[in-house]
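Asks:
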Amino acid sequence: MIRLMIVVFIAGFARHRTNLERACMLLSKRMRSTLATLLVAGLGFSGVSIAGAEDTQLVVAKSAHVDSPKVFFTDGRFDLRSEFSRNTYPVDQTINYLSHRTGRVGPSHYLLEVGPTARELDFLGANTSWYMGPAVAGPRNAPIWAGFGADTDIPVEQFRDAVFTLDLVKVDGPGRVEMFSWAPGDDETPGHAGRMFSSSDPRYRSSILSPGMHTHNYTVFGKPGRYELTYRATARAKTGELLSSKDHTLRWQVGGNEPNMVLETSSSASKAEQPTFSIKPSTGALHELSVDLGRDVKGRAKFTVDGYHLAEVELVGGVAAFTEVLSAEVGNYQVTVVDESEDTLWTSATLAADGKSPGGTTTEAGEPSPKTPAASPAFAGTERSIPGDITAQVTVAPGEQNLDSKRITIEFSRAFHGSVDLASYEGGQRKSVALRHTVNATGEKTLSLIGYLDSWMEGSAVVLHLRPHPLVKNMAGIDIDLTDSYTPGETYTAQGTLVAEGGATGDKPGDEDDSGSGGAPGDEPAPPPSDQPRALVGGRKLLDDGHVDIAARLADGELRMVVKDDTRLYDKVSVDRAVEEVALGVPDAAKLMRRSALERPAWDAILAPVGEPTWVLPFSQQPGLVWPGYSTDSIDYAAVPGGLTLRLLDVSGPGRVVLFQEGILGGDPTVKLGSAEGQPREILIPDPTHAHVGWAFTKPGLYRLRLGYAKVSAPQTAAVDAASGELLVAVGPEGRAELEQLDSSKPGEPAPKPGEPAPKPGEPAPKPGEPAPKPGEPAPKPGEPAPKPGEPAPKPGEPAPKPGE
1484 MIRLMIVVFI AGFARHRTNL ERACMLLSKR MRSTLATLLV AGLGFSGVSI
1534 AGAEDTQLVV AKSAHVDSPK VFFTDGRFDL RSEFSRNTYP VDQTINYLSH
1584 RTGRVGPSHY LLEVGPTARE LDFLGANTSW YMGPAVAGPR NAPIWAGFGA
1634 DTDIPVEQFR DAVFTLDLVK VDGPGRVEMF SWAPGDDETP GHAGRMFSSS
1684 DPRYRSSILS PGMHTHNYTV FGKPGRYELT YRATARAKTG ELLSSKDHTL
1734 RWQVGGNEPN MVLETSSSAS KAEQPTFSIK PSTGALHELS VDLGRDVKGR
1784 AKFTVDGYHL AEVELVGGVA AFTEVLSAEV GNYQVTVVDE SEDTLWTSAT
1834 LAADGKSPGG TTTEAGEPSP KTPAASPAFA GTERSIPGDI TAQVTVAPGE
1884 QNLDSKRITI EFSRAFHGSV DLASYEGGQR KSVALRHTVN ATGEKTLSLI
1934 GYLDSWMEGS AVVLHLRPHP LVKNMAGIDI DLTDSYTPGE TYTAQGTLVA
1984 EGGATGDKPG DEDDSGSGGA PGDEPAPPPS DQPRALVGGR KLLDDGHVDI
2034 AARLADGELR MVVKDDTRLY DKVSVDRAVE EVALGVPDAA KLMRRSALER
2084 PAWDAILAPV GEPTWVLPFS QQPGLVWPGY STDSIDYAAV PGGLTLRLLD
2134 VSGPGRVVLF QEGILGGDPT VKLGSAEGQP REILIPDPTH AHVGWAFTKP
2184 GLYRLRLGYA KVSAPQTAAV DAASGELLVA VGPEGRAELE QLDSSKPGEP
2234 APKPGEPAPK PGEPAPKPGE PAPKPGEPAP KPGEPAPKPG EPAPKPGEPA
2284 PKPGE
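In terms of the working numbering, the sequence shown is residues 1484 to 2288.
(1) Residue 1872 and residue 1981 - do their beta-carbons sit closer together than 8 Å?
(2) For a test of the three-state rule: what should DSSP assign to residue 2223, helix, strand or coil?
(3) Helix, strand or coil: which one does DSSP assign to residue 2032?
(4) Taking a contact to mean a Cβ-Cβ separation below 8 Å, would you say residue 1879 touches residue 1974 in this structure?
(5) Quick check: the region 1608-1616 against the region 1684-1698, are there 3 or more CB pairs under 8 Å?
(6) What ranges does the alpha helix (DSSP H) occupy inside the region 1569-1627, keeping only unbroken runs of at least 4 residues that lie completely in it?
(7) With the cut-off set at 8 Å, would you say residue 1857 and residue 1682 are in Cβ contact?
(8) When you compare only the Cα positions, how much space is there between residue 1788 and residue 1835?
(9) My output table needs one value for residue 2216: the three-state DSSP class, helix, strand or coil.
(10) Under 7 Å Cβ to Cβ from residue 1641, same chain only, skipping five residues before and after it: list those, please.
(11) Less than 8 Å between the C-beta atoms of residue 1637 and residue 1543, yes or no?
(12) Whole angstroms are fine: how far does the CA of residue 1585 sit from the CA of residue 1578?
(13) Identify the continuous alpha helix (DSSP H) that holds residue 1768 and give its terminal residues.
(14) Counting pairs of beta carbons, one from the region 1812-1829 and one from the region 1639-1655, are three or more of them closer than 8 Å?
(15) So, does the region 1781-1801 touch the region 1701-1711, judging by three or more C-beta pairs under 8 Å?
(16) Mind checking which residues open and close the alpha helix (DSSP H) that includes residue 2087?
(17) Please report how far the alpha carbon of residue 2173 lies from the alpha carbon of residue 2117, in whole angstroms.
(18) Ignore the nearest five residues each way along the sequence and tell me which others in residue 1801's own chain have a CB closer than 7 Å to its CB.
(19) Are the beta-carbon atoms of residue 1947 and residue 1965 separated by less than 8 Å?
(20) Answer yes or no: the CB of residue 2109 versus the heavy atoms of the ligand PLP, is any distance below 7 Å?
(21) How is the beta strand (DSSP E) around residue 1878 delimited, first residue to last?
(22) When the Cα atoms are used, what is the spatial distance from residue 1971 to residue 1616?
(23) On the DSSP bridge list, what partners appear for residue 2294?
(24) From this set, 1897, 1983, 1771, 1760, which residue's C-alpha is nearest residue 1833's C-alpha?
(25) Out of curiosity, what's the CA-to-CA distance linking residue 1764 and residue 1838?
(26) Please go through the same chain and pick out, in chain order, the residues whose beta-carbon is closer than 7 Å to the beta-carbon of residue 1756, but skip the five residues on each side of it.
(27) Compute the beta-carbon to beta-carbon distance between residue 1699 and residue 1714, rounded to the nearest angstrom, for a pair I have assumed lies under 8 Å.
(28) State the CB to CB distance for the pair residue 1692 and residue 1552, rounded to an integer number of angstroms; the pair is presumed to be in contact (CB under 8 Å).
(29) Output the distance between the C-alpha atoms of residue 1893 and residue 2103, rounded to the nearest integer angstrom.
(30) Whole-angstrom Cβ separation of residue 2108 and residue 2072, contact assumed at under 8 Å?
(31) If I'm right that residue 1736 touches residue 1874 with Cβ under 8 Å, what's the distance once you round it to whole angstroms?
(32) What does the Cβ neighbour count give for residue 2184, buried or exposed, with the cut at 16 atoms within 10 Å?
(33) How about residue 2094 and residue 2077: do their beta carbons lie closer than 8 Å?
(34) Does the distance from the CB of residue 2159 to the CB of residue 2139 come in under 8 Å?
(35) Give every residue of the same chain whose Cβ lies closer than 8 Å to the Cβ of residue 1746, excluding the five residues on either side of it in the sequence, and list them in chain order.
Structure (structure tokens):
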């Protein structure tokens, strides 16, 4: 048994303070998971183009950071696109390829075996194995690093409750599909999985998004093969109109051949006297699937599972063979062999096999099997009116799982379709979210949910937010105040009423309810912000909540560094700002007390000593915290053939600063940049990259980090002033107080001008005064005109450019 550790902060919608604590747990003592030992060395394959049906019209995403679907809002309507490899494409014209062959990664990047003690993963089943798209990026993002998200420019101010959703309408494929965030437990704390989407559970078919967000989540598949996931985006305009995208289908190829390519056979020695289809164990977790016609003929072998495409393999000497990871669930495998003229030579009978199967052989002929999809209930995506008001009785009580959790129970007077958030506030500002965007998609009248790290809410105001789904026509959201000062271990009750416009009670929207509406400002979703501009702090724009990137830009051959601001705190669009124009704010909500369980050498270089706090900005986005990353994905790497580096040129502040990368399954964290002697001072970025790391500060106060981008070909001593800047980070109340004392008369020269929209990935940086392309349009290659919306780039049927090409 190998101890399985995932150093990852929960992505997406299970965003609460549990992340900061558990992300530092390098070794999970409670949760053990057997990772199959897979030997991928020597599995070389080559591909030749094939003219196979619809695949020739698809752009392939692999070994890339992929946001898909990514929600855009253009010309008054939603659109779903895929964003990867410096371009955006219509979702329907792309396919995600998840395979152990991509990038020659180890099994920890694509295979998940669930151990018997991981109760938080009960929905997957104990002792089951799954094909896995990881939440943590592998080497050069292999095999694929996929999540979903939304463009910054979504006009939530126009939507009821500032809410819009991504809905999983339908799933078609041979196995189950699950998307979730996950932090394992240990002897002291149970693990937690935040479920996002599920093909089998109708409760998980809708997720509430916010502008500029994207997830780093696990995507797992019950069987290899071809999948089609159909999505739509929805919102309810303040005028009452339903705003909905068309249904868009995202395809996944799990295992098998890369779309538009055919696998080279791993064996060509014929031994059969008659056509034979065989499955047998190979190395590690692999099985070999092979067909031998018993005669010398060329063509292709088309393998299927439960009637769905699995792989196309070159037929040499009448033989085609390849290796694949089979699932824990039994699948029915079959092969059809065609010659070079596409005439069918033989179709086998089916063979049933799973990942632990000894295999089997058949010489029987058969007919191509029809598709047998895994059970997947349809999403009830129709508008509905609620016939009367809904009363919500809320109880927050000590949790059953451990002493630092809470049980949230909500009794509705009638079925409620919408989302539930439980958040804490200090001074009117959001502090933490114990329960985030749990969507009650099937309309249960009773919800019983667990929130974690009760102690983080101590002394804070606690508010429950209820937001009806946009498909609900006649009901707006409410906020229910539970307490002004929370005490862990106590029980709190409150009540609120969601008012049905035109319902049986005759209540009108906006009628006051004295039993619990109201709440604290600052949560997402939230009422539209005031028209009053957000104040500067110390002459700078203080970015303390939302997504930002330390971004490289290349214009007219000149390399520059900017802060790409997606927070919407000062502008409602994505904006490139001069580094000197902004400061990052890190509140005490980010403070992590190092416990004895974290007394490991790998963390000594990152955290303060045991018993002392460290202020940590996590790898994945959390509401209430700024989420800084670094990006070079707008750069045409043909102009920087050696790649780029991000350098920490100088640093000052009251404590140590470390930027660190979470470990892969079972691994230790890695220091990427650090202020201490002997720690790295540069990050090599050989390909277009958008990445997020953890940021750790061991003392409160004001930090000054001089960062700079440089071309790898530049000497280490070369000046990089043109691509560098001093980033201020205000940590804790002490840091903010110091920031407020700075001279506000010199906030820094913006580059580009303040408020100028940031370019999308793949677009050259605009010159000051030039408008940015419309959101969602495919980015042109340098020197080429932009294609019209809806046209893919590159040419349909071609794989997307590999990083660096």
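By construction, the Cβ of each residue, glycine as well, lies at the ideal position given by its N, Cα and C atoms.
Replies: By the coordinates alone:
(1) yes
(2) helix
(3) strand
(4) yes
(5) no
(6) none
(7) yes
(8) 9 Å
(9) helix
(10) 1720, 1721
(11) no
(12) 14 Å
(13) Careful: residue 1768 lies outside any alpha helix (DSSP H) and carries neither H nor E.
(14) no
(15) yes
(16) 2084-2087
(17) 9 Å
(18) 1753, 1775, 1776, 1777, 1778, 1779, 1780
(19) yes
(20) Absent from the structure shown: the ligand PLP. Ligands present: none.
(21) 1873-1881
(22) 37 Å
(23) Nothing can be reported for residue 2294, as the shown portion of the chain is limited to 1484 through 2288.
(24) 1760
(25) 9 Å
(26) 1777
(27) In fact, because the Cβ distance is near 18 Å, the residues do not count as touching under 8 Å.
(28) About 10 Å separates the two Cβ atoms, so there is no contact after all.
(29) 28 Å
(30) 7 Å
(31) Residue 1736 to residue 1874, Cβ: 48 Å. No contact.
(32) buried
(33) yes
(34) yes
(35) 1528, 1530, 1739, 1740, 1794, 1795, 1796, 1797, 1805
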